[in-house]
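Protein chains: 2
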Amino acid sequence: MSDHEQRHTPTPPGHSGDALPPVEQHAQQYEAVRNAHETELIEDYVELIGDLIRHRGEARAADIANRMAVSQATVSKMIRRLNELGLVTSKPYRSLFLTEEGQKMAQTSRARHDVVLHFLRALGVDDSTARIDAEGMEHHVSDETLTIMQRFTEQQRTP
Amino acid sequence: MSDHEQRHTPTPPGHSGDALPPVEQHAQQYEAVRNAHETELIEDYVELIGDLIRHRGEARAADIANRMAVSQATVSKMIRRLNELGLVTSKPYRSLFLTEEGQKMAQTSRARHDVVLHFLRALGVDDSTARIDAEGMEHHVSDETLTIMQRFTEQQRTP
DNA sequence: GATAATTGTTAGCCAAGGCTAAACTGTTTG
DNA sequence: CAAACAGTTTAGCCTTGGCTAACAATTATC
Ligand SMILES: [Mn+2]
Ligand SMILES: [Mn+2]
Ligand SMILES: [Mn+2]
Ligand SMILES: [Mn+2]
Numbered sequence: 022m023s024d025h026e027q028r029h030t031p032t033p034p035g036h037s038g039d040a041l042p043p044v045e046q047h048a049q050q051y052e053a054v055r056n057a058h059e060t061e062l063i064e065d066y067v068e069l070i071g072d073l074i075r076h077r078g079e080a081r082a083a084d085i086a087n088r089m090a091v092s093q094a095t096v097s098k099m100i101r102r103l104n105e106l107g108l109v110t111s112k113p114y115r116s117l118f119l120t121e122e123g124q125k126m127a128q129t130s131r132a133r134h135d136v137v138l139h140f141l142r143a144l145g146v147d148d149s150t151a152r153i154d155a156e157g158m159e160h161h162v163s164d165e166t167l168t169i170m171q172r173f174t175e176q177q178r179t180p
Numbered sequence: 022m023s024d025h026e027q028r029h030t031p032t033p034p035g036h037s038g039d040a041l042p043p044v045e046q047h048a049q050q051y052e053a054v055r056n057a058h059e060t061e062l063i064e065d066y067v068e069l070i071g072d073l074i075r076h077r078g079e080a081r082a083a084d085i086a087n088r089m090a091v092s093q094a095t096v097s098k099m100i101r102r103l104n105e106l107g108l109v110t111s112k113p114y115r116s117l118f119l120t121e122e123g124q125k126m127a128q129t130s131r132a133r134h135d136v137v138l139h140f141l142r143a144l145g146v147d148d149s150t151a152r153i154d155a156e157g158m159e160h161h162v163s164d165e166t167l168t169i170m171q172r173f174t175e176q177q178r179t180p
């Protein structure tokens, strides 16, 4: 088994900082991160497609490729996946549409993204930095933290 | 080229929310996230190895596997990679050590991790949630944001 | 309307990061 | 000290998410 850890060096001397969390809790941290990574890119695609439709009227693969700084082949392949997942509909050589489910995901992702972005700005982070940080952070923020961020942002607005 | 976006639908009607950022800036967001993902796991391994050595006196592959909730084969493979990257030294069937460079990375990663964790707690996030969120967020927080988080945490401590 | 330019697709390659199964080594214990 | 057990490594498999090169379709231009 894995209760090996405990036995050898009960409390090594001269170490600073917090203790290690219990194994199960520690494991849960990394598992949560791996789970987030599984859906992260899909959420970003769906969110971007939604944004392109809202702001530009349509979402084309080339625009996605440019905005993501990725090759068109990569986008094409991902679109097939989104299709199989039931998140977008697409006819060959035509622009993209979100399914019901895709629209729901886009809306959720965008809301979350906005909360994080506005929070960072409220904290005093420069806009372009806030955008970069938010793009990554958004996928690792729990509902609990999200709520607290939102509350904080609102408080800053009305002091 | 890719200035296609501008031409077709100048300003589609009835959309809410912020405008899309310029293409180059938008692309930079996603690129930054991809870059972070490249080093993320390596940082987590090195940080954990450092923590195990500090708290337990040694770092063994089985402990890493347990704490990461990953198979021992996965750990073994990753250790070879860390070796090739000059971050750890290891003799077969023996426990692990960090190189100079590995120690530097462990220290930096841990410091960053702590700032994020303490910040979340100062914000009012529950400890176990804060730990989960911090594990993912830490890799997507810029130095600028990190500094601001640290300042915020200190202010909370001395009101 | 023919040709050029742009956009989209397909095929095939690669690295990262998981896994299981099997073999091997080191340690503990009867 | 031999056997059993625990820990480590290796081999081989899979999925994701990138890429380039070649080809196909659409759209723009003359
Ligand atoms: Mn987003
Ligand atoms: Mn994102
Ligand atoms: Mn960390
Ligand atoms: Mn981490």
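Chains as they are written, first to last, in my numbering: chain A, 22 to 180; chain B, 22 to 180.
We put the CB at the ideal spot given by N, CA and C, even for glycine.
Beta-carbon within less than 6 angstroms of Met170 of chain B's beta-carbon, same chain only, minus the 5 sequence neighbours each way: which residues are those? In the second sequence, counting from the first residue as 1, residue 170 of chain B sits at position 149. The beta carbon of Met170 of chain B is closer than 6 angstroms to those of Val136 and Phe140 in its chain, skipping five residues each way along the sequence.
At the 8 angstroms Cβ level, is Gln128 of chain B part of the contact set with chain A, yes or no? To locate residue 128 of chain B, count along the second sequence from 1; it is residue 107. Not a single C-beta of chain A is nearer than 8 angstroms to the C-beta of Gln128 of chain B.
Secondary structure at Ala90 of chain B, three-state DSSP: helix, strand or coil? The residue labelled residue 90 of chain B in the question sits at position 69 within the second sequence. Under the three-state reduction of DSSP output, Ala90 of chain B falls in the coil class, being neither helix nor strand.
Counted within 10 angstroms of its Cβ, other Cβ atoms place Glu156 of chain A as buried (16 or more) or exposed: Working through the first sequence from its first residue, we reach residue 156 of chain A at position 135. So Glu156 of chain A ends up on the buried side.
Please check the pair Leu103 of chain B and Ile63 of chain B, which I expect to be a contact at CB under 8 angstroms, by giving their CB distance rounded to whole angstroms. Residue mapping note: residue 103 of chain B aligns to position 82 of the second sequence, counting from 1. Residue mapping note: residue 63 of chain B aligns to position 42 of the second sequence, counting from 1. Between the beta-carbon of Leu103 of chain B and that of Ile63 of chain B there is about 7 angstroms, and that keeps the pair under the 8 angstroms contact cut.
For Ala80 of chain A, which beta-bridge partners are listed by DSSP? Walking along the first sequence from the start, residue 80 of chain A turns up at place 59. Note: Ala80 of chain A sits in a beta bridge opposite A:Leu117.
Measuring CB to CB, does Leu167 of chain A end up less than 8 angstroms from Arg133 of chain A? For the purposes of this step, residue 167 of chain A is identified with residue 146 of the first sequence, where counting begins at 1. For the purposes of this step, residue 133 of chain A is identified with residue 112 of the first sequence, where counting begins at 1. In this structure, Arg133 of chain A lies closer than 8 angstroms to Leu167 of chain A by Cβ.
Mind checking whether the beta-carbon of Ser163 of chain B lies closer than 7 angstroms to any heavy atom of ligand 3? Against the second sequence, residue 163 of chain B aligns to sequence position 142. Not so, every heavy atom of ligand 3 lies at least 7 angstroms from the Cβ.
C-alpha gap between Gln181 of chain A and Asn56 of chain B, whole angstroms: No answer is possible for residue 181 of chain A: the residues shown for chain A start at 22 and end at 180.
Beta-carbon proximity list for Ala82 of chain A, same chain, < 7 angstroms, skipping 5 on both sides: The residue given as residue 82 of chain A occupies position 61 in the first sequence. Hits under 7 angstroms: Gln93, Val96, Ser97 and Ile100.
is_contact[Arg152 of chain A, chain B] using C-beta, thresh 8 angstroms: Residue mapping note: residue 152 of chain A aligns to position 131 of the first sequence, counting from 1. For Arg152 of chain A, the nearest beta carbon of chain B is closer than 8 angstroms to its own beta carbon.
Let me have the residue list for ligand 6: C-beta closer than 7 angstroms to any non-hydrogen atom, ordered along the chain. Of the ligands this structure carries, namely ligand 1, ligand 2, ligand 3 and ligand 4, none is ligand 6.
Would you report the Cα separation of Ala86 of chain B and Val44 of chain A, rounded to the nearest angstrom? The sequence position of residue 86 of chain B within the second sequence is 65, counting from 1. The sequence position of residue 44 of chain A within the first sequence is 23, counting from 1. Each residue's Cα considered, the two are about 10 angstroms apart.
Output yes if chain B places a C-beta closer than 8 angstroms to the C-beta of Val162 of chain A; else output no. Numbered from 1 along the first sequence, position 141 holds the residue referred to as residue 162 of chain A. With its beta carbon less than 8 angstroms from one in chain B, Val162 of chain A belongs to the interface.
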